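**Q** Structure below; questions to follow.
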Amino acid sequence: MAQQPGFISVLQITDMHIRAAPEDTLLGVDTGYYFKAVLDLAFAGKQQYDLILATGDLAQDPCPASYRRILQMLEACNIPCICLPGNHDDYHLMQQILNTGKVSCRKQVLVGGWQIICLNSQIPGAPEGLLAKPELLFLDECLKSHPEHYALIAVHHHCLKTKTPWMDTMMIKNSEELFEIITKYPHVKAVTCGHIHQAMDASAASVRVFGTPSTCFQFKPGSKKFSLDNAMPGYRVIRLYPDGGIKSRLDCLPGQLTGLQADTHGY
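As numbered in the UniProt record's numbering, residues 1 to 267 make up the sequence shown, in order.
If you want it as structure tokens, here you go:
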């Protein structure tokens, strides 16, 4: 994997909720249209990335047709892309279909002095997350085996509270076990997640913790029950530097979201 001069550039996209049929919407939103619009913005001008992290809830309809649509759009980016499962996904199907060319469901990448570790927090059939024992053992082994590499951990569910009460019932149930491992390894520098459909930039156990907006619709920060926001779709760029430093920014589409059924109580 090639890298940008002086740093590794990671594009994080998340919670695309792609439907099987292009004409289908979710809460009134054409999720496929906005996913493509976000990618177009991310790659506008001379923007270059070393890796795309697609951090879960890729499909709203977890079927072959949805994942083929996703694959087509990711392949067009022509750079390595790692796909993680979210609570709406079928991980088995993902591993079958999102596994060609530069698109994969790999769990580990070593590049330019950094290790990127991708974890599966899915509990099939449930909205909340859990890092099962094999995932925790995998994380520990990766960190133990590569002490010379700084580490970025990617996972779908959030590991810190967002102060949005209804959403925080669906975070990683055993996040304390994640941080127990992280505190053993000072070369871990950040955790980035999806799931929350809003931005987060916090810290815990001496690491940065990011949450990234969805490429379709957002949830209203601070709400006690399911509530949609009028914030636009977006993505996160994470730059990883040779000295372990991290810089990150969020970019969002301009304008107003078309079709959003803001009075919806869930999906």
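Ideal Cβ positions, reconstructed from N, Cα and C, are used throughout, including at glycine.
These numbers were taken from a predicted model, which means no experiment stands behind them.
#1: For G125, which residues from the same chain have a beta carbon less than 8 Å from its beta carbon, with the 5 sequence-adjacent residues on both sides left out?
#2: Specify whether the region 115 to 123 and the region 75 to 90 touch according to this definition: at least 3 beta carbon pairs, one from each stretch, less than 8 Å apart.
#3: Which residues bound the alpha helix (DSSP H) around G32?
#4: Is L137 buried or exposed, if buried means 16 or more other CB atoms sit within 10 Å of its CB?
#5: Under a Cβ-count criterion, where at least 16 other Cβ atoms within 10 Å of its own Cβ denotes burial, should L110 be classed as buried or exposed?
#6: Need the endpoints of the alpha helix (DSSP H) that M94 sits in, please.
#7: Among all the DSSP beta bridges, which residues are the ones paired with F219?
#8: Rounded to the nearest angstrom, what separates residue 268 and A21 at their Cα positions?
#9: So I97 packs on L71, CB below 8 Å; how close in whole Å?
#10: Rounded to a whole number of angstroms, what is the C-alpha to C-alpha distance between L119 and A199?
#11: In chain order, what residues of the same chain lie with their CB nearer than 6 Å to the CB of Y150, ignoring the 5 residues before and after it?
#12: Express the C-alpha separation of T183 and S206 in angstroms, rounding to a whole number.
#13: Comparing C-alpha positions only, which one of N99, R208, D251 sits nearest to P64?
#14: Look at the Cβ atom of H195, then the Cβ atom of G56, and state whether they are nearer than 8 Å.
#15: Buried or exposed: which applies to Q47, given that a residue is buried once 16 or more other Cβ atoms fall within 10 Å of its Cβ?
#16: Using the rule of at least 16 other Cβ atoms within 10 Å of the residue's Cβ for burial, across every protein chain shown, is Q261 buried or exposed?
#17: For residue 325, which three-state DSSP category applies?
#18: Give me the Cα-Cα distance between T162 and D168, rounded to the nearest whole angstrom.
#19: Is the beta carbon of V209 sitting closer than 8 Å to the one on V191?
#20: What do you get for R69, buried or exposed, if any count of 16 or more other CB atoms within 10 angstroms of its CB means buried?
#21: Among the candidates L93, P80, M94, whose CA atom is the shortest distance from the CA of G101?
#22: Measuring alpha carbon to alpha carbon, tell me which residue in K107, P213, L228, A202 is nearest F219.
**A** In short, the structure shows the following:
#1: Indexing the sequence shown from 1 puts residue 125 at position 125. No residues qualify anywhere along the chain.
#2: yes
#3: For this step, residue 32 is matched to residue 32 along the sequence shown. Segment 31 to 42, the alpha helix (DSSP H) holding G32.
#4: Taking the sequence shown and counting its residues from 1, one reaches residue 137 at position 137. Exposed, since its Cβ has fewer than 16 Cβ neighbours within 10 Å.
#5: Taking the first residue of the sequence shown as 1, we reach residue 110 at position 110. Exposed, by the Cβ-count rule.
#6: Within the sequence shown, the letter at position 94 stands for residue 94. Taken as a continuous stretch (DSSP letters only), the alpha helix (DSSP H) holding M94 covers 91 to 97.
#7: Counting from one through the sequence shown, the residue named residue 219 turns up at place 219. Paired residues: L228.
#8: There is no way to answer for residue 268, as the model of the chain reaches only from 1 to 267.
#9: As a position in the sequence shown, residue 97 is number 97, starting the count at 1. As a position in the sequence shown, residue 71 is number 71, starting the count at 1. So it is a contact: roughly 6 Å between Cβ atoms.
#10: As a first step, residue 119 must be located in the sequence shown, where it is residue number 119. As a first step, residue 199 must be located in the sequence shown, where it is residue number 199. Their Cα atoms are separated by approximately 20 Å.
#11: As a first step, residue 150 must be located in the sequence shown, where it is residue number 150. For Y150, where only same-chain residues beyond five positions count, the Cβ hits under 6 Å are W114, H187, K189, G244.
#12: For the purposes of this step, residue 206 is taken as residue 206 along the sequence shown, with counting starting at 1. For the purposes of this step, residue 183 is taken as residue 183 along the sequence shown, with counting starting at 1. So the two alpha carbons sit approximately 8 Å from each other.
#13: Taking the sequence shown and counting its residues from 1, one reaches residue 64 at position 64. Nearest option by C-alpha distance: N99.
#14: Reading the sequence shown from its first residue, position 195 is the one you call residue 195. Reading the sequence shown from its first residue, position 56 is the one you call residue 56. In this structure, G56 lies closer than 8 Å to H195 by Cβ.
#15: Mapped onto the sequence shown, residue 47 falls at position 47. With fewer than 16 Cβ atoms within 10 Å of its Cβ, Q47 is classed as exposed.
#16: As a first step, residue 261 is located in the sequence shown; it is residue number 261 there, counting from the start. It counts as exposed.
#17: Outside the displayed range of the chain (1 to 267) lies residue 325, so it cannot be described from this structure.
#18: In the sequence shown, residue 162 corresponds to position 162, counting from 1. In the sequence shown, residue 168 corresponds to position 168, counting from 1. Near 6 Å, if we compare the C-alpha coordinates of D168 and T162.
#19: Here residue 209 is taken as the residue at index 209 of the sequence shown, counted from 1. Here residue 191 is taken as the residue at index 191 of the sequence shown, counted from 1. Yes, the pair counts as a contact, with Cβ atoms nearer than the cut-off.
#20: Here residue 69 refers to the residue found at position 69 when the sequence shown is read from its first residue. That one is buried.
#21: As a first step, residue 101 must be located in the sequence shown, where it is residue number 101. It is P80.
#22: Taking the sequence shown and counting its residues from 1, the one referred to as residue 219 is at position 219. Nearest C-alpha to F219: L228.
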